[in-house]
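S.K.:
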Amino acid sequence: MKVTVVGAGAVGASCAEYIAIKNFASEVVILDIKENFAEGKAMDLMQTASLNGFDTKITGSTNDYSKTAGSDIAVITSGIPRKPGMTREELIGINAGIVKEVSSNLIKHSPDVTIIVVSNPMDTMTYLVHKTTGLPKNKIIGMGGALDSARFKYRLAEALEAPASDIDGMVIGGHSDTGMVPLTRLATRNSVPVSKFISEDRLNQVSEDTKVGGATLTKMLGTSAWYAPGAAVSGLVQAIACDQKKMFPCSALLEGEYGLDDLCIGVPVILGKDGIEKIVELELDDAEKSKLKESAEGVKKTNGLLEL
C-alpha cells in the first residue's frame with residue numbers, strides 16, 4: 001500500500017507521521033515544491049521509526065511526481081494556509097491553481113489513485129478535482145467533516161466532563177465557519193442523548209464553538225492547525241487502505257442525495273477499498289434540513305468563483 005502526501009508543511013507532515021505510526025502502509029511519499037524540504041521531513045520522520053515502532057518507509061521528493069507512481073491513495077494538503085482573520089474562501093484563487101496542477105500530476109503517474117482533498121476551501125477544492133480530473137466520483141473525497149466531527153466531540157466531552165471515548169457525534173454541511181451543521185440532536189454519550197446531561201443553551205454553545213474551531217486555533221497559533229487535521233486524514237486513509245467500511249462525514253459529490261445536486265459537501269459516507277462505497281442519508285428534522293440547504297447555497301456560491 002503506497003500513500004502520497006502532497007505538501008510537506010505542518011499538515012502534510014502530520015498526515016505522513018500518523019499514517020506511518022499506524023503501520024498499515026508499506027510506503028509514504030511526501031512531495032513539496034520547496035527544495036529538499038520534503039526530503040528533510042521524511043528523514044526526520046524516519047529517524048523516529050525505531051522509537052515509535054513502525055516499519056513504513058517514508059521518502060521525500062522535490063516536485064518529482066514520478067516518485068509517486070503507483071500510489072493507491074494521495075492526500076492533497078498543498079496550498080497557502082489560513083492566517084488570522086482570513087476565511088477559507090479567501091484562499092480560493094491561489095489554491096485552485098495549485099490543486100488543479102497537483103491532481104493532474106498525481107493521476108498522470110497513478111491513474112487509479114483515490115484522492116483525499118485537504119486544501120481550503122475544502123468543499124470547493126474537492127468539487128474542482130471532480131470537474132477537472134475525470135476520476136470516478138467514489139475516488140475523490142474531501143476531509144473536512146471528519147475533522148469537524150472530531151472537534152465537535154472534543155467540545156461535547158469538555159461540556160460533559162466526560163472522556164472523548166464516551167462521545168459520538170457528527171458534523172455535516174460545508175467545511176466553513178458558517179456552513180457546518182453539528183447534529184446536536186443525534187449526539188450521544190454511550191448511546192444516551194447528550195441532551196440528557198447538559199442544557200440546551202450549553203449544547204448551543206458547543207455547536208457554536210465547533211463551527212469556529214478552525215478559526216479559534218488559527219487565531220491562537222497564527223496559522224492553520226495541523227495535529228487534528230493530520231489525524232483526521234490518517235483515519236480516512238486507513239479506512240480505505242484496510243477496507244474497514246467505516247462511516248465518516250466527508251465531502252462527497254451529491255447527485256440528488258439530501259435533495260442536493262452538483263456540489264461537494266459533508267455527509268456521512270462508508271469508506272472502504274473503493275473509496276466512498278455508500279452515501280448514508282440521515283433522517284434530518286426540518287431545522288437540520290434548512291441548515292444543510294443554507295450551507296449548500298454557501299458552498300455553491302464559492303464554487304461559482306472557480307474558473308473551470
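With my numbering, the residue at position 138 of the sequence shown is 138, and numbering never jumps. C-beta: ideal position from N, C-alpha, C; glycine also.
(1) Using the rule of at least 16 other Cβ atoms within 10 Å of the residue's Cβ for burial, across every protein chain shown, is valine 118 buried or exposed?
(2) Applying the criterion that 16 or more other CB atoms from any shown protein chain within 10 Å of the CB defines a buried residue, is serine 17 buried or exposed?
(3) Please name the residue, chosen from Arg202, Leu236, Asp209, Asp168, that lies closest to valine 192 on a Cα-to-Cα basis.
(4) How long is the line joining the alpha carbons of threonine 223 and aspartate 55, rounded to whole angstroms?
(5) Going by DSSP, what residue range makes up the alpha helix (DSSP H) through cysteine 242?
(6) Is it true that the CB of leucine 236 sits closer than 8 Å to the CB of methionine 143?
(7) Pick helix, strand or coil for lysine 131, following the three-state DSSP scheme.
(8) Look at the Cβ atom of alanine 146, then the Cβ atom of proline 249, and state whether they are nearer than 8 Å.
(9) Looking at the secondary structure, which residues open and close the beta strand (DSSP E) in which serine 61 lies?
(10) Please identify the residue among Gly214, Glu277, Gly304, Thr133 whose C-alpha is closest to the C-alpha of aspartate 243.
(11) What three-state label does DSSP hand valine 280 in the structure shown?
(12) Put leucine 263 into one of helix, strand or coil per three-state DSSP.
(13) Would you tell me roughly how many angstroms separate the C-alpha atoms of isoleucine 92 and leucine 263, rounded to the nearest one?
(14) Is valine 6 helix, strand or coil by DSSP?
(15) Whole-angstrom Cβ separation of valine 28 and alanine 20, contact assumed at under 8 Å?
(16) In three-state DSSP terms, what is leucine 160?
(17) Ends of the beta strand (DSSP E) at threonine 114?
(18) Rounded C-beta distance between aspartate 32 and alanine 69? I'm assuming under 8 Å.
(19) Go ahead and label proline 182 buried or exposed: buried means 16 or more other beta carbons lie within 10 angstroms of its beta carbon, across all protein chains shown.
(20) On a CA-only basis, which of Arg189, Gly214, Glu297, Lys139 is nearest aspartate 72? Give me that one, please.
(21) Compare the C-alpha of leucine 186 against each of Asp209, Ile58, Leu284 and name the closest.
(22) Could you spell out the range, first to last residue, of the alpha helix (DSSP H) harbouring leucine 31?
M.R.: The relevant details are as follows:
(1) Reading the sequence shown from its first residue, position 118 is the one you call residue 118. Burial is judged here by how many other beta carbons sit within 10 angstroms of a residue's own beta carbon; valine 118 has at least 16 and is buried.
(2) Residue numbering aside, residue 17 sits at position 17 when the sequence shown is read from its first letter. The residue you asked about is not serine; residue 17 is glutamate in the sequence shown. That one is buried.
(3) The sequence position of residue 192 within the sequence shown is 192, counting from 1. For valine 192, the nearest C-alpha among the options comes from Asp168.
(4) What you label residue 223 is simply residue 223 of the sequence shown in a count that begins at 1. What you label residue 55 is simply residue 55 of the sequence shown in a count that begins at 1. For threonine 223 and aspartate 55, the distance between alpha carbons rounds to 31 Å.
(5) Start at 1 with the first residue of the sequence shown, and residue 242 comes out as number 242. No alpha helix (DSSP H) holds cysteine 242; DSSP gives it neither H nor E.
(6) One-based indexing of the sequence shown puts residue 143 at position 143. One-based indexing of the sequence shown puts residue 236 at position 236. Yes.
(7) By 1-based counting over the sequence shown, the position of residue 131 is 131. Looking at lysine 131 - three-state DSSP - the assignment turns out to be helix.
(8) Within the sequence shown, the letter at position 146 stands for residue 146. Within the sequence shown, the letter at position 249 stands for residue 249. It is a contact, given that the beta carbons lie within the stated cut-off.
(9) If you number the sequence shown from 1, residue 61 lands on position 61. First-last of the beta strand (DSSP E) with serine 61: 57-62.
(10) Position 243 of the sequence shown holds residue 243. It is Glu277.
(11) By 1-based counting over the sequence shown, the position of residue 280 is 280. If DSSP states are grouped into helix, strand and coil, valine 280 belongs with coil.
(12) For the purposes of this step, residue 263 is identified with residue 263 of the sequence shown, where counting begins at 1. Here leucine 263 sits in strand by DSSP.
(13) The residue labelled residue 92 in the question sits at position 92 within the sequence shown. The residue labelled residue 263 in the question sits at position 263 within the sequence shown. Isoleucine 92 and leucine 263: Cα-Cα distance of roughly 16 Å.
(14) Counting from one through the sequence shown, the residue named residue 6 turns up at place 6. Under the three-state reduction of DSSP output, valine 6 falls in the strand class.
(15) Mapped onto the sequence shown, residue 28 falls at position 28. Mapped onto the sequence shown, residue 20 falls at position 20. Between alanine 20 and valine 28 the Cβ distance is about 6 Å, and since that is below 8 Å, they are a contact.
(16) For the purposes of this step, residue 160 is taken as residue 160 along the sequence shown, with counting starting at 1. Residue state, collapsed to three classes: helix.
(17) Numbered from 1 along the sequence shown, position 114 holds the residue referred to as residue 114. Taken as a continuous stretch (DSSP letters only), the beta strand (DSSP E) holding threonine 114 covers 114-117.
(18) Reading the sequence shown from its first residue, position 32 is the one you call residue 32. Reading the sequence shown from its first residue, position 69 is the one you call residue 69. Between the beta-carbon of aspartate 32 and that of alanine 69 there is about 17 Å, and that puts the pair past the 8 Å contact cut.
(19) Here the question's residue 182 lines up with position 182 in the sequence shown. For proline 182, the number of other beta carbons within 10 angstroms of its own is at least 16, and it is reported as buried.
(20) The residue you call residue 72 lines up with position 72 of the sequence shown. Comparing Cα-Cα distances from aspartate 72 to each of Arg189, Gly214, Glu297, Lys139, the minimum goes to Lys139.
(21) Against the sequence shown, residue 186 aligns to sequence position 186. Just measuring C-alpha positions, the residue of Asp209, Ile58, Leu284 sitting nearest leucine 186 is Leu284.
(22) The residue given as residue 31 occupies position 31 in the sequence shown. Not the alpha helix (DSSP H): leucine 31 falls in the beta strand (DSSP E), residues 27-32.
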